[in-house]
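Each remark here refers to the structure printed beneath this line.
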Amino acid sequence: ENPGLQLPPLPPKGADGTDAAVIAARKVELEQLLRGMLQNVEVLMERSLHFWKFLELGNRTVIAGRFVMAPRARPSVFKTLAKLNDEKYRDDVYRLGHVAVTDLLIEGLREMRKGVESGHWSCAAGGRLPLCQLVAGALGTTQAARERLIDAGVINLLLGLVQNEEAALDDVRPALNVIVAREGERLASFIARFLTTGGLLQLLDLVQRQRCQEFVAKLLWYSWDAGTRSAFA
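Under this note's numbering, the first residue of the sequence shown carries the number 32, and numbering increases by one thereafter.
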């Protein structure tokens, strides 16, 4: 369907398809071809999904794959990808914890935090809710994914969206609730790190806004133990 594509050639069949050396060589050449196809946006975005069907991969894998590997698809597919948070897709939500996905989510939060109009995929109309849903889903996958996101400043970035617009609190809250619910005894250390890396100023700003006061109070109540206080000793 795309005769102009620049891809590695198909491996030749060889004279003897049962010869071990021929089979081994063809495996290497086939892998090179598949890798070339994975790096080609036209192949990834092809409407008939021939490549994905050859690999016997379903629609949810197609969406996640396009989000990661096809930049031009992100403005549309990231909203669909957020549906992995639905209970009926619980067996597929693990995809959101992949490092390639979490890196893109942090990138999206940083762009949205700037609060300016841009052509970035995360800043598409109505993009804040699905972006926050994706972050919440990623935070709920594994401890490694949570640590990666927290180390990247996800708490500061999420609250930064609320600083931009108070209405964002409803979108942001579920993601922050995941951290509170999943981290337990480690929550205090994460909040201490957040407070000492600009978070205290963020909370001072938010607490002056009536809509955010209860949220700030609860966050500090959950985490204000000896571990958090020691960061300010």
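In this text, a Cβ means the ideal position worked out from N, Cα and C, and glycines have one as well.
From what residue to what residue does the alpha helix (DSSP H) around residue i run?
i, result
"Thr92", "90-100"
"Tyr253", "241-254"
"Val211", "200-214"
"Thr133", "130-144"
"Leu112", "105-112"
"Val155", "The question names Val, but residue 155 in the sequence shown is Ala. Premise fails: Ala155 is in no alpha helix (DSSP H) and is neither H nor E."
"Asp182", "174-182"
"Val193", "185-195"
"Asp236", "231-237"
Taking all protein chains shown into account, decide if residue i is buried (16 or more other Cβ within 10 angstroms of its Cβ) or exposed.
i, result
"Glu32", "Caution is warranted here: a pLDDT of 49 is assigned to Glu32, below 50, making its placement in the model unreliable, and the coordinate value is therefore given only provisionally. Classification of Glu32: exposed, given that the 10 Å Cβ count is below 16."
"Phe246", "buried"
"Ala248", "exposed"
"Asn90", "exposed"
"Ile222", "buried"
"Ile54", "exposed"
"Leu115", "buried"
"Arg260", "exposed"
"Val147", "exposed"
"Gly215", "exposed"
"Phe109", "buried"
"Gly128", "buried"
"Gly96", "buried"
"Val130", "exposed"
"Gly171", "buried"
"Arg242", "exposed"
"Gln244", "exposed"
"Ser271", "Here the chain covers residues 32 to 264 and nothing more, so residue 271 does not appear."
Please state the DSSP three-state secondary structure of residue i.
i, result
"Gln164", "helix"
"Leu69", "helix"
"Glu32", "The predicted model places Glu32 with a pLDDT of 49, which falls under 50 and marks its position as unreliable, so this point remains unresolved."
"Ser220", "helix"
"Val147", "coil"
"Arg121", "coil"
"Leu86", "coil"
"Leu127", "helix"
"Glu77", "coil"
Report, in whole angstroms, the separation of the C-beta atoms of residue i and residue j, which I expect to be a contact under 8 Å.
i, j, result
"Leu218", "Val211", "6 Å"
"Pro205", "Ala167", "5 Å"
"Leu75", "Ala101", "5 Å"
"Ala176", "Ala169", "5 Å"
"Ile94", "Thr111", "5 Å"
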